[in-house]
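Just so we're aligned, residue 1 is where the sequence shown starts under UniProt numbering, counting upward by one.
These notes concern the structure reproduced below.
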Amino acid sequence: MSTDDQTPQVTKKQDPQEFFQTIGDKVKNFSAAPDGEDAPNSATGAANDERPPVEEVESLCMNCGKNGITRLLLTAIPYFREVVIMSFYCEHCNTKNNEIQAAGTIQPKGCHYELRLTTNDDFQRQVVKSDTATVKFIEMDLEIPPGRGQLTNVEGLLTTVVDDLEMGQEARKEQAPELFPKVAEIIAKGRSMLLGDAFPFRLYVDDPAGNSFIAPDLKDGVGKWEKREYIRTAEQNASLGIGDSTASAEAAALNMPLTADGEIIPDEVYNFPATCPGCMHPCTTHMKMVDIPHFKQVVIMSTVCHDCGYRSNDVKTGGEVPEQGERITLRVEDDTDLARDILKSETCALKCPELHLEVNPGTLGGRFTTVEGLLTQVRDDLRSQIFETGQGQGGGDSLDPKERSQWESFFEGLDAAIRGERPFTVILSDPLASSFVQALVDPPAPDPKIQREKYDRTDEEEEELGLRDMKTENYAGPELTKEAADAKES
């Protein structure tokens, strides 16, 4: 065979993205064909008879024993990963079934998502529940064990659970009358939640395989949406059929240098496999613990995607929750002050009155940089949102002349402050007292340009941070008196 004959076989490569497009792109491509022609394939643009968006496979119905049709849709969920949505229907006995499966492999770590619902809009959050995931409505104390995979939203998930409980109530009343009133109470509480009468309440999805998901929102504040990854236990690995691995073995596989007692080694760089939120390709998150003098240890995290260029960095602070918040005020007068190190935690609000600048908690996440670097990032983010994002559709081109002039004046003042040409004040208000500004004098002498004050958190801050529901003592409830304990035993 000649080299020319071999070339197409060597260079031809199938891109997974050709098959795993979003549902919107599939529908758009499928409906884009001219009248009288077959609709193009969403993956390759070929005729519809070559590869339709939905694959159909004849399969056995487990209810009547005859053949039904299973439909398969390969799609990608934004900010998550590729999945396969399956739907079965038997025309002989009208049996229906649908489920979802992850198209990838088991992830290196398990995942735990938690959402705090506060408005009716939160019911529309997309939820991917894999067949290995556990779902729990915390306030209801209602847990959905691992089972059939689902692609739904919070409202659909809660409605399904309540409907299933309600369906079995009549039989439960006859067979287990002692459980009937308890289940009726759960159903009533679930209906109240669906009507929006029980806000706030929480939902979590825990998946040791790492293939479940609760959709985030760019407007989420601190304590609203949370994702964390964890190393699976030996029991979880066994349940997934991937062997009796220990947590330390998985840590070694993830390039995590730990001490003998499992502590993180300071100044070591940790590398974690991750998924890019921009293009959903695999990428790496780097983590390092840094000890800030006269403050505390913080964790710096950085993610870079080499496929689409996405970059992000964040700083996490730890330690116990303090009794009071802290407000730090810095007077910036020259280049020396602009070069001060500053840590703005993810719970901290930033305010510069002279510059007419206010940044709400959670907007920038955690940042460990200089005063100049922090202002530069705020300026660049605002400028891109106002003058670049969505031009002609709410972006810079749609601003009226007066509004554009106001924004240009604002950015001129911000640029002058960054160049050190005008004095200003930086105010950091942190309800968790986890922010920091570098002092230019040796402790314990106070820096004349820095003012620190403690303050009592407001009810809104306590609620937003989830501290009002936090219980740190008497987890099992109040201790029983000796008489009550004896009566309980008897």
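C-beta atoms are modelled at their ideal positions from N, C-alpha and C, and glycine is treated no differently.
Secondary structure of residue i, DSSP reduced to three states
i, result
"Glu323", "coil"
"Ile427", "strand"
"Ser312", "strand"
"residue 494", "The chain is shown from 1 up to 490; residue 494 falls before or after that span and cannot be answered."
"Glu268", "coil"
"Thr284", "strand"
"Pro401", "helix"
"Glu235", "helix"
"Lys219", "coil"
"Thr458", "coil"
"Gln438", "coil"
"Ala416", "helix"
"Leu330", "strand"
"Glu55", "strand"
"Leu465", "coil"
"Pro335", "Inspection of the sequence shows that residue 335 is occupied by Asp rather than by Pro. Reduced to three states, the DSSP call for Asp335 is helix."
"Glu408", "helix"
"Ser345", "coil"
"Glu226", "strand"
"Ile450", "strand"
"Pro273", "strand"
"Ile292", "coil"
"Ile300", "strand"
"Ala46", "Only weak support exists for where Ala46 lies, its pLDDT of 42 falling under 50; the value from the coordinates is given anyway. In this structure, Ala46 counts as coil in the three-state DSSP scheme."
Proximity winner among the options, relative to residue i (alpha-carbon distances)
i, options, result
"Glu229", "Arg383, Pro108, Lys173 and Leu165", "Pro108"
"Thr118", "His92, Leu194, Asp206 and Glu82", "Leu194"
"Val205", "Glu185, Gln150 and Lys182", "Gln150"
"Leu203", "Gly168, Asp197, Thr233 and Met140", "Met140"
"Ala234", "Leu218, Glu226, Asp381 and Ala209", "Ala209"
"Ala215", "Leu74, Leu165 and Asp122", "Asp122"
"Asn360", "Tyr455, Glu461, Thr376 and Asp267", "Glu461"
"Ser302", "Glu323, Glu464, Gly319 and Cys276", "Cys276"
"residue 539", "Ile386, Ile69, Ser212 and Asp415", "Here the chain has residues from 1 to 490 only, and residue 539 is not among them."
"Phe199", "Ile138, Leu375, Glu226 and Cys61", "Ile138"
"Val83", "Asp217, Phe213 and Tyr455", "Phe213"
"Arg125", "Val135, His112, Lys136 and Gly156", "Gly156"
Assumed close pair residue i, residue j - CB separation to whole angstroms, cut-off 8 angstroms
i, j, result
"Ser429", "Cys352", "Not really, about 12 angstroms apart at Cβ, beyond 8 angstroms."
"residue 491", "Leu240", "Given a span of 1 to 490 for the chain in the structure shown, any question on residue 491 remains unanswerable."
"Arg383", "Phe411", "6 angstroms"
"Lys288", "Val269", "5 angstroms"
"Val321", "Leu432", "6 angstroms"
"Gly373", "Ser345", "Not really, about 16 angstroms apart at Cβ, beyond 8 angstroms."
"Arg379", "Ile418", "7 angstroms"
"Ile427", "Arg327", "7 angstroms"
"Val54", "Leu73", "5 angstroms"
"Val162", "Gly190", "4 angstroms"
"residue 503", "Arg457", "The chain is shown only over 1 to 490; residue 503 falls outside these bounds and no answer can be derived."
"Gln236", "Gly413", "With a Cβ gap of about 54 angstroms, Gln236 and Gly413 do not count as contacting."
"Asp307", "His281", "4 angstroms"
"Ser59", "Thr70", "5 angstroms"
Entirely enclosed beta strand (DSSP E) segments - the UniProt domain "Zinc finger ZPR1-type" (59 to 216), minimum 3 residues: Listed in chain order, the beta strand (DSSP E) runs fully inside the UniProt domain "Zinc finger ZPR1-type" (59 to 216) are 67 to 76, 82 to 89, 96 to 102, 110 to 117, 126 to 129, 134 to 137, 142 to 144, 150 to 153 and 201 to 207, counting runs of at least 3 residues.
Three-pair Cβ contact test at 8 angstroms for the stretch 131 to 149 versus the stretch 220 to 230: no
Three or more C-beta pairs below 8 angstroms linking the stretch 128 to 136 and the stretch 291 to 305: Touching, no.
Any beta strand (DSSP E) of 3 or more consecutive residues that is wholly inside the stretch 348 to 394: 349 to 352, 357 to 359 and 367 to 370
Touching by the beta-carbon criterion (3+ pairs, under 8 angstroms), the stretch 326 to 340 and the stretch 437 to 444: yes
Inter-stretch contact (C-beta, 8 angstroms, three-pair minimum) for the stretch 161 to 179 and the stretch 88 to 100: no
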